[in-house]
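A short write-up of the structure that comes next.
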Amino acid sequence: AYRPPGASYHAGTSFQVYDWLSRRNTAENGAIPPFDVVHFPDWQGHGYFSALARRMRTPGMSRTRLVVMIHGPLAWARASNAQRLDSLEDLESDFLEQNTIRLAETLVSPSKYLLRWMEREAGWELPPPH
Numbered sequence: 264a265y266r267p268p269g270a271s272y273h274a275g276t277s278f279q280v281y282d283w284l285s286r287r288n289t290a291e292n293g294a295i296p297p298f299d300v301v302h303f304p305d306w307q308g309h310g311y312f313s314a315l316a317r318r319m320r321t322p323g324m325s326r327t328r329l330v331v332m333i334h335g336p337l338a339w340a341r342a343s344n345a346q347r348l349d350s351l352e353d354l355e356s357d358f359l360e361q362n363t364i365r366l367a368e369t370l371v372s373p374s375k376y377l378l379r380w381m382e383r384e385a386g387w388e389l390p391p392p393h
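Residues are numbered in the numbering used here as their position in the sequence shown, beginning at 1, plus a constant of 263.
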């Protein structure tokens with residue numbers, strides 16, 4: 264899978280995942296059907312570019328449903344430990360995680376508490392419930 268030159272670890276990994284999924288889902292011979300569903304964790308935002316491509320109806324992603332499972336994003340973990348996002352890598356991870364969640368078609372959470380924290384405490388935009 265292609266990794267953009269100069270990309271940071273998390274953004275680069277997210278793009279590599281998207282690139283692999285997109286290529287796999289648009290196999291030339293049609294012998295391999297696209298995935299019906301792909302599950303991503305929220306942590307580190309590795310589903311971001313795939314979710315963005317799906318939202319933009321990019322070929323290779325238009326028929327694959329993206330599900331994001333919330334495990335505990337970095338901002339929540341840091342806030343719970345009275346810590347801040349204090350590096351460029353932290354801010355990038357926060358952006359990738361927030362937007363992976365925002366762009367998800369289906370969001371799965373182990374608790375209502377975490378969903379409430381994201382919306383009320385952190386001000387994140389969540390996808391509409393199903």
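Think of the CB as a built atom: it goes at the ideal place given N, C-alpha and C, for glycine as much as any other residue.
Computed from a predicted model, the values in this text were never measured in an experiment.
Does the beta-carbon of P336 have 16 or more other beta-carbons within 10 angstroms, so that it is buried, or is it exposed?
-> buried
Per DSSP, which residues does F224 bridge with? Please list them.
-> One cannot answer for residue 224 here, as it falls past the ends of the chain, which runs 264 to 393.
Between P297, N344, R365, P296, which lies nearest to P391 when the distance is taken from Cα to Cα?
-> R365
With a Cβ-Cβ cutoff of 8 Å, do D305 and M332 count as a contact?
-> yes
Spatial neighbours of E384 within its chain, please: CB distance less than 8 Å, with the 5 preceding and 5 following residues excluded, ordered by chain position.
-> A342
Range covered by the alpha helix (DSSP H) that runs through T363 = 351-366
Can you give the Cα-Cα distance for T289 and D299, rounded to whole angstroms?
-> 13 Å
Evaluate R379 with the Cβ neighbour count: other Cβ atoms within 10 Å of its Cβ, from every protein chain shown; 16 or more gives buried, anything less gives exposed.
-> exposed
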